[in-house]
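J.: Counting in the numbering used here, the final residue of the sequence shown is number 628, and the numbers go up one at a time with none missing.
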Amino acid sequence: MASPGDIGSFTVWDYLVFALMLLISAVIGIYYAFAGGGQKTSKDFLMGGRSMTAVPVALSLTASFMSAVTVLGTPAEVYRFGSMFSIFAITYALVVVVSSEVFLPVFYRLGITSTYEYLELRFNKLVRLLGTILFIIQTILYTGIVIYAPALALNQVTGFDLWGAVVATGVVCTFYCTLGGLKAVVWTDVFQVGIMVAGFSSVIIRAVVVQGGIGPILNDSYYGDRLNFWDFNPSPLQRHSFWTIIVGGSFTWAGIYGVNQSQVQRYIACKTRFQAKMSLYVNLLGLWAILSCAVLSGLAMFSIYKDCDPWTAKFVSAPDQLMPYLALDILRDYPGLPGLFVSCAYSGTLSTVSSSINALAAVTVEDLVKPYCKSLSETKMSWISKGASFLYGAICIAMAALASLMGGLLQAALSIFGIVGGPLLGLFSLGILFPFCNSIGAVAGLLSGFAISLWVGVGSQIYPPQPWSSLPKPLSIAGCNFSTIETNWTFTTEMPPITSFIPDAQVRPELADSWYSLSYLYFSTIGTIVAIVVGVIVSLVTGGLKQNINRDCLLTAEDFSYLKVLIPQRWKENEAGKVKVTNWKPRDSDPYVEKGTDNPAFNHLEMNVTENIDKINGIIA
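1) Among Gly346, Glu517, Leu461 and Leu552, whose alpha-carbon lies nearest the alpha-carbon of phenylalanine 17?
2) So, helix, strand or coil for methionine 203, using DSSP?
3) What is the DSSP secondary structure of glycine 131, reduced to helix, strand or coil?
4) Closest to serine 248 by C-alpha separation, out of Leu528, Ile533 and Gly534, would be which residue?
5) Got a sec? Which residues, its chain only, sit under 6 Å from tyrosine 115 by beta carbon, not counting five neighbours each side?
6) Inspect the beta-carbon positions of isoleucine 544 and isoleucine 459 and report whether they are closer than 7 Å.
7) Tell me whether cysteine 380 is buried or exposed, calling it buried when 16 or more other Cβ atoms sit within 10 Å of its Cβ.
8) If you reduce the DSSP assignment to three classes, tell me which class cysteine 300 lands in.
9) Below 6 Å, is the gap between the Cβ of isoleucine 221 and the nearest heavy atom of the ligand ATP?
10) Could you name the residues that DSSP lists as bridge partners for cysteine 277?
11) Please report the straight-line C-alpha distance between aspartate 597 and aspartate 566, rounded to a whole angstrom.
12) If I follow the unbroken alpha helix (DSSP H) through tyrosine 115, where does it start and stop?
13) Please work out which residues of its chain come closer than 7 Å, Cβ to Cβ, to isoleucine 202, disregarding the five sequence neighbours upstream and downstream, and give them in chain order.
14) Are the Cβ atoms of isoleucine 364 and serine 392 separated by less than 7 Å?
15) Would you kindly check if the distance between the Cβ of arginine 135 and the Cβ of glutamate 148 is under 7 Å?
16) With DSSP collapsed to three states, give me the class of phenylalanine 167.
17) From the DSSP output, in three-state form, read off leucine 612 for me.
18) What span of residues does the alpha helix (DSSP H) with alanine 395 cover, start to end?
19) When you compare each of Ile94, Ser455 and Phe239 to serine 257 by their alpha carbons, which one comes out closest?
20) Give a yes or no on whether the C-beta atoms belonging to serine 446 and asparagine 131 are separated by under 7 Å.
21) One question on the structure: do arginine 129 and cysteine 560 come within less than 7 Å of each other, judged by their Cβ atoms?
22) Since proline 269 and serine 71 should fall inside the 8 Å C-beta cutoff, what is the C-beta to C-beta distance between them, to a whole number of angstroms?
23) What's the gap between the Cα of alanine 33 and the Cα of phenylalanine 182?
24) If you run the structure through DSSP and keep just helix, strand and coil, what is serine 546?
25) For glutamine 163, collect the residues of the same chain with a Cβ closer than 7 Å to its Cβ; drop the 5 residues on either side in sequence, then sort them by chain order.
26) Are serine 455 and isoleucine 539 close, meaning C-beta to C-beta below 7 Å?
27) Starting from aspartate 21, trace the alpha helix (DSSP H) in both directions and tell me its first and last residue.
28) Give a yes or no on contact between the region 285–305 and the region 72–85, applying the rule of three or more CB pairs nearer than 8 Å.
29) Find the nearest neighbour of valine 204 within the set Ala451, Met73, Gly429 and Gly464, judged by alpha-carbon distance.
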């Protein structure tokens with residue numbers, strides 16, 4: 008390991024590699040702005056003409072939420088806490104199955120553009136509006152932070168210009184989103200996934216060479232207690248255990264893959280339902296690949312710094328700076344490779360930001376403009392969609408500037424993503440899985456779930472959990488060479504102190520070490536469960552059994568036609584229980600038989616359902 012004075016710095020070649028990555032992303036946007044006649048309608052712009060295929064969509068799904076937070080944060084997580092994070096591989100598999108078999112069939116069948124259109128079809132306009140507003144606030148806040156946080160980490164380690172990176176990221180994303188729409192977003196994501204894998208690979212390969220093979224890395228990790236894959240402690244207060252990752256992680260990621268507009272918009276843009284499902288399952292391979300790279304990078308980092316932790320030694324000021332510090336340390340003799348790693352981190356940011364901008368434009372046009380401006384032509388809607396993309400790009404850059412002023416509240420803002428996702432997952436689950444749930448129950452469930460998850464989330468930021476709940480592994484600086492640093496050092500093997508908003512531990516309330524100390528992964532779980540329980544109870548009390556429901560808004564036995572041998576006949580005959588379901592007749596064909604373009608958006612199903620909205624929703628006296 009190099010001493011702090013010998014650590015590498017960015018060179019002209021590194022800046023060129025980074026600039027080339029941005030340029031290629033912009034060129035893809037320009038290409039899809041004019042390819043195939045351009046983006047003539049809002050459906051072309053927002054949904055790629057609903058003609059996408061599985062593989063590019065799968066890679067785009069992988070890139071969308073494998074942001075710079077993953078590139079910088081996951082290796083640092085493994086370095087500090089061990090390999091338990093790799094159990095998320097199981098969580099990803101569970102989430103993909105649930106998303107493809109529960110949520111996808113309903114959304115795809117309705118041919119919607121915005122997932123929040125479903126809420127009006129199933130409930131009413133108020134529920135749709137509430138869901139849309141929560142999504143917009145959550146996504147703007149999260150996206151601004153995703154732009155700023157990695158820029159800050161890379162700036163403090165590499166000297167990479169902070170605001171130059173923030174503005175470049177925002178401008179490039181806004182440029183290709185505004186010009187090329189969903190197709191540009193998907194294909195730039197494909198390119199950026201390749202950059203992410205290449206960046207990780209450069210660090211891993213060089214680390215293996217430096218350490219003399221993969222064996223020494225695994226050996227150091229074993230004796231350093233970093234190969235701790237299994238911990239079955241059932242306590243919900245422990246930050247990461249098998250149960251918090253499997254249960255809490257599944258709810259968190261189901262809120263992303265199952266109902267989040269950024270993800271749903273991609274797989275329902277596929278030309279057939281089979282392609283849509285395949286995109287989710289192929290995406291699982293991408294998630295596993297990125298997770299494996301991140302975990303292996305964390306183990307390599309520990310092997311290299313096992314005797315001289317840069318964080319404890321104050322070579323870096325935050326854990327998120329450890330990965331770029333490692334990259335500059337071991338790649339400093341290879342011009343361009345540090346730039347490749349920074350491109351890797353920013354590819355994660357670009358993919359997340361572009362997905363968010365496109366999703367924000369979609370929900371704005373479909374949920375806030377179209378319902379009130381029905382006379383506008385498709386050409387005008389296309390221009391409004393592009394204008395919305397440009398506007399949200401500017402807002403996200405401004406949000407990044409605001410994030411720079413948040414200080415200690417930065418982590419609190421990030422947790423909003425999970426806090427909002429849980430109640431929204433509960434809301435969609437009420438609509439799809441509970442035929443008797445009505446609009447009153449849906450609103451009550453959403454607001455209750457949001458209030459409870461916000462309570463625990465904000466409380467956990469004000470009163471952070473005690474250090475024992477996170478089980479940090481010991482780190483050492485016994486092997487550090489401080490000869491080049493004009494500072495008196497105190498050698499220690501302890502973790503750097505964990506600070507709190509409350510300076511005196513004695514003023515912590517009783518809830519601080521119980522309710523507020525829940526694992527952050529359970530925020531979404533709590534929000535989902537509360538939303539469902541309250542929604543079910545309120546619906547039953549307010550006459551939920553006395554309503555007509557459109558069968559296309561529900562998950563039915565026919566959605567599992569490939570398992571029809573296993574479905575009891577009585578389930579098929581009385582699927583909706585006591586709730587009257589309109590148009591209850593067998594579907595004409597197997598949805599998995601290819602018959603050209605079978606995306607329902609082409610048969611005006613969305614228009615027909617909307618025209619009959621008053622007949623199939625609401626409480627019937």
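Note that beta-carbon positions come from the ideal geometry of N, C-alpha and C, so glycine has one too.
T.: On the basis of the supplied data:
1) If we check each option's Cα against that of phenylalanine 17, Gly346 comes out closest.
2) Methionine 203: helix per DSSP, three-state reduction.
3) The question names glycine, but residue 131 is asparagine in the sequence shown. It is coil, neither helix nor strand.
4) Leu528
5) Ile275, Arg280 and Ala283
6) Cβ atoms of isoleucine 544 and isoleucine 459: not closer than 7 Å.
7) Exposed, by the Cβ-count rule.
8) helix
9) As far as ligands go, the structure on display features none, and thus does not contain the ligand ATP.
10) Met59
11) Interpretation of aspartate 597 is limited by its pLDDT of 44, a score under 50 that renders its predicted location unreliable; the figure taken from the coordinates is listed afterwards. Cα to Cα, aspartate 597 sits roughly 9 Å from aspartate 566.
12) For tyrosine 115, the enclosing alpha helix (DSSP H) starts and ends at 111–117.
13) Counting only residues of its own chain and dropping the five nearest sequence neighbours on each side, isoleucine 202 has a CB closer than 7 Å to the CB of Met28, Ser350, Cys351 and Ser354.
14) No, these two residues do not count as a Cβ contact at 7 Å.
15) Note on residue identity: the sequence assigns leucine, not glutamate, to residue 148. Cβ atoms of leucine 148 and arginine 135: not closer than 7 Å.
16) coil
17) Reliability fails at leucine 612, whose pLDDT of 35 lies under 50, so the model's placement of it is uncertain and the value that follows must be treated cautiously. Of the three classes helix, strand and coil, the one that applies to leucine 612 here is helix, per DSSP.
18) 385–410
19) Comparing Cα-Cα distances from serine 257 to each of Ile94, Ser455 and Phe239, the minimum goes to Ile94.
20) yes
21) yes
22) Reading off the sequence shown, one finds serine at residue 269, where the question assumed proline. Indeed, because the Cβ distance is near 6 Å, the residues count as touching under 8 Å.
23) Distance between alanine 33 and phenylalanine 182, taken at the CA atoms: about 7 Å.
24) In the structure shown, serine 546 sits in a helix (DSSP, three-state: H, G or I).
25) Ser324 and Gln328
26) no
27) 19–41
28) yes
29) Closest option to valine 204, Cα to Cα, is Met73.
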